[in-house]
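Numbering (UniProt numbering), first residue to last: 1 to 151.
Every residue, glycine too, gets a C-beta built ideally from N, C-alpha and C.
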């Protein structure tokens, strides 16, 4: 597979997965990656790679690039329990998207007000620890900034 740079779908603060308040993500059971604690303003989660939207829910989406790298963006923790309230899909499953294109509009402050964590894991699906390099897991990030390289 061709190495790919995965960029942040959100603006906020990067965190290591170990700080995600969910053991499934914190223990990298879904896969390695990093997380973003988003700014508490309404906005959009954007595609972290160029590719096809292979899975789409109000609270989570997967974009698969042309090399077969699937990147999961999970907007908040336990947000599936919000039944889509406060999330607006901007694309459809099967759509081809470009890095930086809006996928889901949401309000992290509203998620937090509903009692859920807005911390958002960004996961390299079907990857193992050694596949990722240059992982950003601290400090400020803007949507479109590099989060990790996946080879």
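So, are the CB atoms of residue i and residue j less than 9 Å apart?
i: residue 25; j: residue 74; result: yes
i: residue 40; j: residue 138; result: no
i: residue 11; j: residue 141; result: yes
i: residue 76; j: residue 120; result: yes
i: residue 72; j: residue 130; result: no
How many Å lie between residue i and residue j at the Cα?
i: residue 17; j: residue 136; result: 11 Å
i: residue 8; j: residue 114; result: 24 Å
i: residue 106; j: residue 53; result: 18 Å
i: residue 33; j: residue 21; result: 15 Å
i: residue 89; j: residue 59; result: 9 Å
i: residue 37; j: residue 117; result: 9 Å
i: residue 103; j: residue 49; result: 12 Å
i: residue 3; j: residue 151; result: 4 Å
i: residue 152; j: residue 15; result: Since the first residue of the chain shown is 1 and the last is 151, residue 152 is not available in this structure.
i: residue 27; j: residue 19; result: 10 Å
i: residue 132; j: residue 78; result: 26 Å
i: residue 84; j: residue 134; result: 33 Å
i: residue 122; j: residue 61; result: 10 Å
i: residue 23; j: residue 29; result: 8 Å
Can you give me the Cβ contacts of residue i inside the same chain, cut-off strictly under 6 Å, excluding the 5 residues immediately before and after it?
i: residue 51; result: 63, 64, 65
i: residue 43; result: none
i: residue 56; result: 93
i: residue 146; result: 5, 7
i: residue 80; result: 59
i: residue 95; result: 53
i: residue 125; result: 31, 70, 72
Once you ignore the five residues that flank residue i on each side, which residues in its own chain have a CB closer than 8 Å to its CB?
i: residue 100; result: 7, 46, 47, 143, 144
i: residue 97; result: 47, 50, 51, 52, 53, 63, 91, 103
In the DSSP output, what is residue i paired with across the bridge?
i: residue 133; result: 149
i: residue 142; result: In DSSP, residue 142 forms no bridge with anything.
i: residue 6; result: 148
i: residue 15; result: 35
Can you list, in chain order, the residues of its chain with a C-beta nearer than 7 Å to that of residue i? Leave out the 5 residues immediately preceding and following it.
i: residue 86; result: 106, 107, 110, 111
i: residue 127; result: 31, 32, 150
Entirely enclosed beta strand (DSSP E) segments - the UniProt domain "PTS EIIA type-1" (22-126), minimum 3 residues: Listed in chain order, the complete beta strand (DSSP E) runs (minimum 3 residues) inside the UniProt domain "PTS EIIA type-1" (22-126) are 33-38, 43-46, 51-57, 60-64, 70-74, 87-89, 102-106, 120-125.
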